[in-house]
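There are 2 protein chains.
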Amino acid sequence: MALLEATPRTKQQRKAADTVIAALAARYGNRLVTSQAVREQHGNTTTWIDNQPPDAVVFPQSTQEVQDIVRLAAAERVPVIAFGTGTSLEGQVNAPRGGICLDFRDMNRVLAVHAEDLDCVVEPGITRKQLNEYLRDKGVFFPIDPGADASLGGMAATRCSGTNAVRYGTMKDNVLALKAVLANGEVMATARRAKKSAAGYDLTRLLVGSEGTLGIITELTLRLAGIPEAIASGICPFPSVEAACNATILTIQSGIPVARIELLDAQQVRACNRYSNLTLPETAMLFVEFHGSDAGVAEQSERFGDIARELGGGPFDWATKAEDRTRLWQARHDAYWAVKQLRPGAAALATDVCVPISRLAECVTETQRDVEAAHLLAPVLGHVGDGNFHLSLMVDLADDDEVSRAKAFLERLVDRALAMDGTCTGEHGVGQGKMKYLLAEHGAPALAAMRAIKQALDPLDILNPGKIVAI
Amino acid sequence: MALLEATPRTKQQRKAADTVIAALAARYGNRLVTSQAVREQHGNTTTWIDNQPPDAVVFPQSTQEVQDIVRLAAAERVPVIAFGTGTSLEGQVNAPRGGICLDFRDMNRVLAVHAEDLDCVVEPGITRKQLNEYLRDKGVFFPIDPGADASLGGMAATRCSGTNAVRYGTMKDNVLALKAVLANGEVMATARRAKKSAAGYDLTRLLVGSEGTLGIITELTLRLAGIPEAIASGICPFPSVEAACNATILTIQSGIPVARIELLDAQQVRACNRYSNLTLPETAMLFVEFHGSDAGVAEQSERFGDIARELGGGPFDWATKAEDRTRLWQARHDAYWAVKQLRPGAAALATDVCVPISRLAECVTETQRDVEAAHLLAPVLGHVGDGNFHLSLMVDLADDDEVSRAKAFLERLVDRALAMDGTCTGEHGVGQGKMKYLLAEHGAPALAAMRAIKQALDPLDILNPGKIVAI
Chain A
0 MALLEATPRT KQQRKAADTV IAALAARYGN RLVTSQAVRE QHGNTTTWID
50 NQPPDAVVFP QSTQEVQDIV RLAAAERVPV IAFGTGTSLE GQVNAPRGGI
100 CLDFRDMNRV LAVHAEDLDC VVEPGITRKQ LNEYLRDKGV FFPIDPGADA
150 SLGGMAATRC SGTNAVRYGT MKDNVLALKA VLANGEVMAT ARRAKKSAAG
200 YDLTRLLVGS EGTLGIITEL TLRLAGIPEA IASGICPFPS VEAACNATIL
250 TIQSGIPVAR IELLDAQQVR ACNRYSNLTL PETAMLFVEF HGSDAGVAEQ
300 SERFGDIARE LGGGPFDWAT KAEDRTRLWQ ARHDAYWAVK QLRPGAAALA
350 TDVCVPISRL AECVTETQRD VEAAHLLAPV LGHVGDGNFH LSLMVDLADD
400 DEVSRAKAFL ERLVDRALAM DGTCTGEHGV GQGKMKYLLA EHGAPALAAM
450 RAIKQALDPL DILNPGKIVA I
Chain B
0 MALLEATPRT KQQRKAADTV IAALAARYGN RLVTSQAVRE QHGNTTTWID
50 NQPPDAVVFP QSTQEVQDIV RLAAAERVPV IAFGTGTSLE GQVNAPRGGI
100 CLDFRDMNRV LAVHAEDLDC VVEPGITRKQ LNEYLRDKGV FFPIDPGADA
150 SLGGMAATRC SGTNAVRYGT MKDNVLALKA VLANGEVMAT ARRAKKSAAG
200 YDLTRLLVGS EGTLGIITEL TLRLAGIPEA IASGICPFPS VEAACNATIL
250 TIQSGIPVAR IELLDAQQVR ACNRYSNLTL PETAMLFVEF HGSDAGVAEQ
300 SERFGDIARE LGGGPFDWAT KAEDRTRLWQ ARHDAYWAVK QLRPGAAALA
350 TDVCVPISRL AECVTETQRD VEAAHLLAPV LGHVGDGNFH LSLMVDLADD
400 DEVSRAKAFL ERLVDRALAM DGTCTGEHGV GQGKMKYLLA EHGAPALAAM
450 RAIKQALDPL DILNPGKIVA I
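Spelled out as structure tokens, the structure:
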């Protein structure tokens, strides 16, 4: 099923791509791949957005090689698309106009760790698990966890966040500086390693979330966090989504520095029970985690328990031993697979919106009602500390009627979030899938400003064209 | 003494300004002021950078009026300069090419407080003290504290931070969304109230720190923090700047969520003792503050005390009662006045740099040696949790030799910070004073990108021209 059509290309454009591919093949040998299978793996593979493969995939090993590739492509006005692990959910890696995909698989080194400064410098291809494995004996870790074992370059490019953003922030807060190859082939360094700076426009934050449309990230300086002395995890049932959301609001308002606070709705819990043979009460639940000193996490857990009780929730079951914590959180970790098993054969289509936390209960409740009225299946999972929630729509793609109901539902979901002063995406990004919502969300002047910036930095429109804003 | 010359204007340019002033006078009556005294108050008044007054000052009362003023000015290519309280330190409010100053004095309302969402919406002219006064009975506060009672619009425009940025972040972390009037007179909304978003380029962060060169801020949505249940403050002497810096590094690495951690060097302590009749040991000292629960701040204080002792510091004197805390921190609060009294008649010229925290001790120590060798007087005050420190250069502006030694010293200070992977300014911003360092700090491609963005959003160069980047 196609939500988007690849832009038809002229003969000249195809010839230009061939010219670039020939030049790349001469320089990069078997690091330039044009097989159909590999090309398709480098288009969108995660959702119902069409797979639009690039014309070729190249595996650079240095910033200089990226410059070289971009310059060759720019000379022929051929698109270049950066690729990490391909786990993005809105078609960010698709090649609607063909072009060269730069797969950063081979650029995955840790270039420096400055434990005293709580930062490190990495290449974009390293994944978050690889990085944390590398850091393990250094007393520090990189806290952003989007679920998938994504690459740091991709995480920065999509302004990713995930479960513990409520405490540690999103990629915008955890990238100190970037190096990126610009459309003209030059390497731009956005900032230095100082923890803060007021020296000019914030190019770092401009690149974070730009999805490869303004520059191709070739190096990242990341903030690290000290590994907490103690971690406490727990789960807590609530009588309703509303009660769970209110407990979340109170927790945050009370200044309890919760590290993760995740909502599973009754349907999601049911799916987890079935998948993992659990006997959790099939009602809205919060999964929480606290980081701190031994005394600190105990105090945080107790205060959270008090808040939960006040709102009719509980019992709050918590633990600090690693195995006990894992057991408690198992349902959360299995959530994706549990949902997939709810309806074998159906596609699991993930989407997300984010609203001010005071509107979250209302937004989730209305959405649940909408799901039911539209005869759809879509368990809710929320990073509720941020007002962000996900739906896994289980859709039979062969059923045209269901597909059209699902599409109409997605429109209403975004409309609902926007009407509540929210955003069409808290963390999945725009890619191709959410471009159509940006005007309603931001208004014409902001969209024109984005377009002007894109045009200023990439006048030939070769950097991941057809994503975020069309110029 | 002039560091910068106002750009000489053509007859036509002066006529254009007169045309705009006449139109504004007709519309705004006595809210348009052209007296010499008021104009001079709206140029730079804080440092040795020349006072370059605007041609007129207008006091808008609404976003629509700002649009109107910008459109009138744009039609004649006359500069417009936003003005909050005029406390910036690098000439940000100067009018080197004349133009219209928009003083936001009358736009200082709180438009909404969403305590559940920990945010509020304000007009740019409100000062941080006014805002916190307004919020006092709502259980929330706005944490950024640059010392001066600056306006929120100005604080956002300069990406300001201050003493408790180490815990609460800088303005980049505490502005959720902005409305700004663009060079074409349109109002751009950069984002919505959702706590996070991945919906397109981060226009909020692009505007924060742009010093009025990309848009004129007319509304801000700010993150608030819950008022902590308990606050503990303390002071701790150390045998050396190095020991104090190492204690800071360890504190942060240990995950102690210190709210403020301020270094005063021996000379600064001496000035404070003299000014406030105190008997503090005249050595490097850390002033710290902890926010949290009663048990939490006690634990944090004790752990900090342990770290200090380990590094040869102490005794660590701390308190939780408001009067005791104020007494302990008195020296820090009086620091600016104490320095001024060190050398009556001399100008106190504030500057700041910021380096990775691991280089801070080295940077401060070398700087102290440099101050001494150059026969200058410049006590050090640092927001050391961020690797950021300030110098108050006490300079006799009538002494040409001293002035030239001071200028040469400032160049070396920035060179030293850059050589340590730091920035020429952690929080004061670029304005006119630090434009010359941006190339060395960021390199040509980043500077070209900044210029391209400025040109894309303000092609006529009417928004605070001659600041950050020249186009």
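Taken in order, these protein sequences are the chains called A and B.
Taking numbering that gives the first Met the number 0, the leading residue of the first sequence gets 0, the next gets one more, and so forth.
Taking numbering that gives the first Met the number 0, the leading residue of the second sequence gets 0, the next gets one more, and so forth.
We put the CB at the ideal spot given by N, CA and C, even for glycine.
Being a predicted model, the structure only gives us computed values, none of them experimental.
Legend entry - Counted within 10 angstroms of its Cβ, other Cβ atoms place Trp336(B) as buried (16 or more) or exposed: exposed
Inset, instruction - With 9 Å as the threshold, decide whether the Cβ of Leu2(A) is near any Cβ in chain B. - result: At Leu2(A), the pLDDT of 41 sits below 50, so the modelled position is not reliable; the number obtained from the coordinates is stated separately. No, Leu2(A) does not count as interfacial toward chain B.
Legend entry - Ser300(A), enclosing alpha helix (DSSP H) - first and last residue: Asp293 to Glu309
Legend entry - Straight-line Cα distance separating Cys423(A) from Leu2(A): Caution is warranted here: a pLDDT of 41 is assigned to Leu2(A), below 50, making its placement in the model unreliable, and the coordinate value is therefore given only provisionally. Distance between the alpha carbons of Leu2(A) and Cys423(A): 17 Å.
Inset, instruction - Determine the chain B residues that contact Val354(A) at a beta-carbon separation under 7 Å, and present them in chain order. - result: Ala193
Inset, instruction - Could you work out which residue in Gly465(B), Val468(B), Leu459(B) and Lys466(B) is closest to Val69(B) when comparing CA atoms only? - result: Leu459(B)
Legend entry - Contact residues within the stretch 97-131 of chain B, judged by C-beta distance below 8 Å to chain A: His113, Ala114, Glu115, Asp116, Leu117 and Asp118
Inset, instruction - Examine chain A for any beta-carbon lying closer than 9 Å to the beta-carbon of Glu288(B), and answer yes or no. - result: no
Inset, instruction - Report back the beta-carbon spacing between Gly386(B) and Ala193(A) to the nearest angstrom; my notes put them in contact at under 8 Å. - result: 6 Å
Inset, instruction - Determine which residues share a DSSP beta bridge with Arg222(A) and list them. - result: Asp118(A)
Inset, instruction - Kindly indicate the opening and closing residues of the beta strand (DSSP E) around Lys178(A). - result: Val174 to Val180
Legend entry - Candidates Glu185(B), Ile470(B), Glu89(B) and Leu205(B), of which the one nearest Ile452(A) by Cα: Leu205(B)
Inset, instruction - Answer with buried or exposed for Asp398(B), where buried requires no fewer than 16 other C-beta atoms within 10 angstroms of its C-beta. - result: exposed
Inset, instruction - Go to Arg259(A), then tell me how far its beta strand (DSSP E) extends in each direction, as first and last residue. - result: Val257 to Leu263
Inset, instruction - Put His382(A) into one of helix, strand or coil per three-state DSSP. - result: strand
Inset, instruction - Determine the contact status of Glu39(B) and Asn50(B), defining contact as a CB-CB distance below 9 Å. - result: yes
Legend entry - Per DSSP, cross-strand counterpart(s) of Ile20(B): Paired residues: none, contrary to the question.
Inset, instruction - Could you say if the stretch 220-237 of chain A and the stretch 69-79 of chain A meet the contact criterion of at least three C-beta pairs nearer than 8 Å? - result: no
Inset, instruction - Please confirm if Ile452(A) has its CB atom under 9 Å from at least one CB of chain B. - result: yes
Legend entry - Residue environment, Thr247(B), which counts as buried when at least 16 other CB atoms sit within 10 Å: buried
Inset, instruction - Please list the partners that Val207(B) has in chain A, where partner means a Cβ-to-Cβ separation under 8 Å. - result: Asp201
Inset, instruction - Could you tell me whether any Cβ in chain B is nearer than 9 Å to the Cβ of Glu309(A)? - result: no
Inset, instruction - Would you tell me roughly how many angstroms separate the C-alpha atoms of His290(A) and Ser275(A), rounded to the nearest one? - result: 27 Å
Legend entry - Under 9 Å from the C-beta of Val338(B): neighbouring residues of chain A: Within 9 Å Cβ-Cβ: nothing; Val338(B) doesn't reach chain A, min ~22 Å.
Legend entry - Own chain residues within Cβ distance below 6 Å of Gln208(B), not counting five before or after: Here residue 208(B) turns out to be Gly, not Gln, going by the sequence shown. The answer, listed in chain order, is Arg158.
Inset, instruction - Indicate whether Gly304(B) and Pro238(B) have their beta-carbon atoms separated by less than 9 Å. - result: no
Legend entry - Nearest-angstrom beta carbon gap, Asp116(A) and Pro355(B) [assumed within contact, 8 Å]: 4 Å
Inset, instruction - Give me whichever residues DSSP pairs with Glu132(B) in a beta bridge. - result: DSSP, once it has assigned bridges, lists no residue as partnering Glu132(B).
Inset, instruction - Report buried or exposed for Pro471(A), applying the criterion of at least 16 other Cβ atoms within 10 angstroms of its Cβ. - result: Residue 471(A) is absent from the structure shown; chain A starts at 0 and stops at 470.
Legend entry - CB of Ile80(A) within 9 Å of CB of Pro123(A), strictly: no
Legend entry - Residues near Ala307(B) in its chain [Cβ-Cβ closer than 8 Å; skip 5 each side]: Cys235, Phe237, Ala246, Leu285, Gly313 and Phe315
Legend entry - Contacting residues, own chain, Cβ-Cβ under 8 Å from Arg108(A) (five flanking each side not counted): Val121, Glu122 and Ile125
Inset, instruction - Kindly indicate if chain A contains any beta-carbon less than 9 Å away from that of Asp436(B). - result: It should be noted that the sequence gives Tyr, not Asp, for residue 436(B). By this cut-off, Tyr436(B) is an interface position.
Inset, instruction - Compare the beta carbon distance of Val531(B) and Val57(B) with 9 Å and say whether it is the shorter of the two. - result: An answer regarding residue 531(B) cannot be provided, because it is not within the stretch 0 to 470 covered by chain B.
Inset, instruction - Would you kindly work out how many angstroms separate the C-alpha atoms of Ala334(A) and Gly152(A), rounded to a whole number? - result: 26 Å
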